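Those protein sequence lines, which keep their order, are chains A and B. Numbering-wise (this note's numbering), the first sequence opens with residue -5 and increments by one. Numbering-wise (this note's numbering), the second sequence opens with residue -5 and increments by one. Backbone N, C-alpha and C fix where the C-beta goes; we use that ideal spot for every residue, glycine too. Quick caveat, the model's predicted, so the values are computed rather than measured. For reference, the structure is listed below as structure tokens.
2 protein chains.
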Amino acid sequence: MVDSVETRERRPLSRERVLRAAVELADREGVEAISLRRLGQELGVEAMAIYRHVRDKDDIVDGAVDAVVGEIEVGEPSEDWQAAMRALAMAARSVMLRHRWAPAVIVTRQNVGPAMLGQIERVLQILRRGGFTIDAAHHAVHVLGSRILGFTQDPFNDSAQASGPQPPPDEVVRAFAPYPAVAELAVAARHDGALGGCDDDFEFEFGLDLVLDGLDRRRASASD
Amino acid sequence: MVDSVETRERRPLSRERVLRAAVELADREGVEAISLRRLGQELGVEAMAIYRHVRDKDDIVDGAVDAVVGEIEVGEPSEDWQAAMRALAMAARSVMLRHRWAPAVIVTRQNVGPAMLGQIERVLQILRRGGFTIDAAHHAVHVLGSRILGFTQDPFNDSAQASGPQPPPDEVVRAFAPYPAVAELAVAARHDGALGGCDDDFEFEFGLDLVLDGLDRRRASASD
DNA sequence: AACATAGCCCTACGCCGTAAACTCGTCAAG
DNA sequence: CTTGACGAGTTTACGGCGTAGGGCTATGTT
């Protein structure tokens, strides 16, 4: 006897499948359209079934965002760091244009998924290979992240803000094992700032002055 | 006979009072805490009473955001445009630090309230007085807006995206009457870009190159 | 005195996220 | 062949959400 329709066409659910559906739904109808009932409907399943594969709704949204960030394609980076960063930025932009809901969501959440960490790693490697000091690279990530790349809300926020008992350096290194440049930065960032994290005020003024300088240089340019 | 408690201590509601309560509530418990029932509770009133003074919930959130933007204090701007912009940016930052929920919300919404328009107007005046061409000022607003000032998602988006029948220039001018520099820009922006609005791609690359240039100049600096 | 209006309340509807208990097919151990 | 555990999915229920629609009352106007 043949399998019933239900049995045949219901491939088992999975985190992957849930997140993919969430991204597609957000692409079609905006982030607000993401709800468990709606997602279940989209997947041919009751809403609560989704909880087998996902912690809660935030986990879905964070996961969808990280999936989008993961779409940013990475070729072998050019030798010239500016060219490499430019290529990465344009790749990021084209992805964000495919998923217009994503940037706004990224800004809202401070959660940093693996794909995002991977991109930060890539940026740091490009910069360090281009001759940036750790500090300079750190500031560069802040400036690039928020506006240009559409990700980052620095990953060390927790250790920085909490100011409670900080994990020992080697534990930090282990947590960031697959991301050596990020780990290097994480350790370096603990030595200076009073709280061991980023000095937000400094990063803000760094970016501000960078922009003001750049604008001054282009002040009189009239071409569009 | 004395007034009942209800009659005496219930000053009439007003849009002002609702928005102020919304800002305070968001400051205390985050934007998500803003709900009509909760707001009513906060104001000593049933939820539905709020609808007499406000269109809907989005109107409340947009209004709260604009109220926050309106908190940015503006002294007489310095002669030096860089100093003036720096002062404005720092003022904006200090306000945003008082209302940490605001920047993320601003990014989400493309609604531009009067306070926000007023700030854009101020920025444009500073820039034009500093010798910027209209075009250069336009690009500068884009670069400054999203990261540094925490507002702007350009105000001409509608006319740019819609690409339907555009209102005649004089109508645009009238809509922006209290904001002469904005109006000037709005008219200028219609002459060039294929769609009569901003060329998003250009703005993106402009900001990108500005940042890359600036970073290159600071590449080797080691101080934090 | 008659009525209009403003300001607020009440009820109800269809959404939402999620806790808890259920069903049911699969499969290994006895 | 029975039994029992287990995992995936379902069902039900709860409290909260935005808001449409209508009702009540106090005040002001004529």
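Residue j and residue i - do their beta-carbons sit closer together than 7 Å?
{"i": "A:L19", "j": "A:E36", "result": "yes"}
{"i": "A:V99", "j": "A:V25", "result": "yes"}
{"i": "A:M90", "j": "A:A96", "result": "yes"}
{"i": "A:L111", "j": "B:Q76", "result": "no"}
{"i": "A:A109", "j": "A:G64", "result": "yes"}
{"i": "B:R211", "j": "A:A130", "result": "no"}
{"i": "B:I44", "j": "B:G34", "result": "yes"}
{"i": "B:L118", "j": "A:A134", "result": "no"}
{"i": "A:D21", "j": "A:H132", "result": "no"}
{"i": "B:F170", "j": "B:A182", "result": "no"}
{"i": "A:V101", "j": "B:V101", "result": "yes"}
In its own chain, which residues sit with a C-beta less than 7 Å from the C-beta of residue i, not counting the 5 before and 5 after it?
{"i": "B:T127", "result": "none"}
{"i": "B:D(-3)", "result": "Its pLDDT being 34, under 50, B:D(-3) is placed unreliably by the model, and the measurement read from it follows with that caveat. Taken in chain order, the list of residues that qualify is empty."}
{"i": "A:K51", "result": "L30"}
{"i": "B:L204", "result": "V137"}
{"i": "B:R122", "result": "A131, A175"}
Within a Cβ cutoff of 6 Å, which residues of the same chain sit near residue i, ignoring the five residues on either side of it in sequence?
{"i": "A:H136", "result": "E197"}
{"i": "A:Q147", "result": "Here A:Q147 scores only 45 on pLDDT, less than 50, and its place in the model should not be relied on; the value that follows carries that caveat. For A:Q147, where only same-chain residues beyond five positions count, the Cβ hits under 6 Å are Q104."}
{"i": "B:F200", "result": "H133"}
{"i": "B:E73", "result": "none"}
Return the chain-ordered list of same chain residues with a C-beta closer than 8 Å to the C-beta of residue i, the five sequence neighbours on each side being excluded.
{"i": "A:R31", "result": "A41"}
{"i": "B:A85", "result": "I66, E67, V68"}
{"i": "A:R116", "result": "V68, P71, L82"}
{"i": "B:L7", "result": "L37, V39, A43, I44, R46, H47"}
{"i": "B:P174", "result": "E115"}
{"i": "B:R14", "result": "A61"}
{"i": "A:R9", "result": "H47, V48, G57"}
{"i": "B:G125", "result": "W75"}
{"i": "A:R5", "result": "R11"}
{"i": "B:V17", "result": "A58, A61, V62, H93"}
I believe residue i touches residue j by the beta-carbon criterion, under 8 Å. Please report the beta-carbon distance rounded to the nearest angstrom.
{"i": "A:V62", "j": "A:I28", "result": "Contact doesn't hold; Cβ gap of about 13 Å is too wide."}
{"i": "A:V12", "j": "A:V48", "result": "6 Å"}
{"i": "B:I120", "j": "B:M79", "result": "6 Å"}
Which residue spans inside the region 46 to 85 of chain B form an unbroken beta strand (DSSP E) run of at least 3?
For the region 46 to 85 of chain B, not a single whole beta strand (DSSP E) run of length 3 or above is found.
Name, going along the chain, the residues of the region 18 to 42 of chain B whose beta-carbon falls closer than 8 Å to a beta-carbon of chain A.
Answer set for the region 18 to 42 of chain B: empty.
Looking at chain B, which residues of the region 44 to 78 of chain A have a Cβ within less than 7 Å of any of its Cβ atoms?
Within the region 44 to 78 of chain A, the residues whose Cβ lies closer than 7 Å to some Cβ of chain B are Q76, listed in chain order.
Using a Cβ-Cβ cut-off of less than 7 Å, give me the residues of the region 78 to 97 of chain B that come near chain A, in sequence order.
Result list: M79, R80, A83, R87.
The region 107 to 124 of chain A: which residues have C-beta closer than 9 Å to a C-beta of chain B, in chain order?
Those would be L121, G124, in chain order.
Which ranges would you report for the alpha helix (DSSP H) in the region 96 to 144 of chain A if only whole runs of at least 4 residues count?
You should have 96 to 102, 108 to 123, 128 to 137.
Using Cβ-Cβ distances below 9 Å, what residues of the region 197 to 212 of chain A are close to chain B?
Listed in chain order, the positions of the region 197 to 212 of chain A with a beta carbon within less than 9 Å of a beta carbon of chain B are F198, E199, F200, G201, L202, D203, L204, V205, L206, D207, G208, L209, D210, R211, R212.
Whole alpha helix (DSSP H) elements within the region 3 to 34 of chain B, 4-residue minimum
If we require 4 residues or more, the alpha helix (DSSP H) runs fully inside the region 3 to 34 of chain B come out as 9 to 23.
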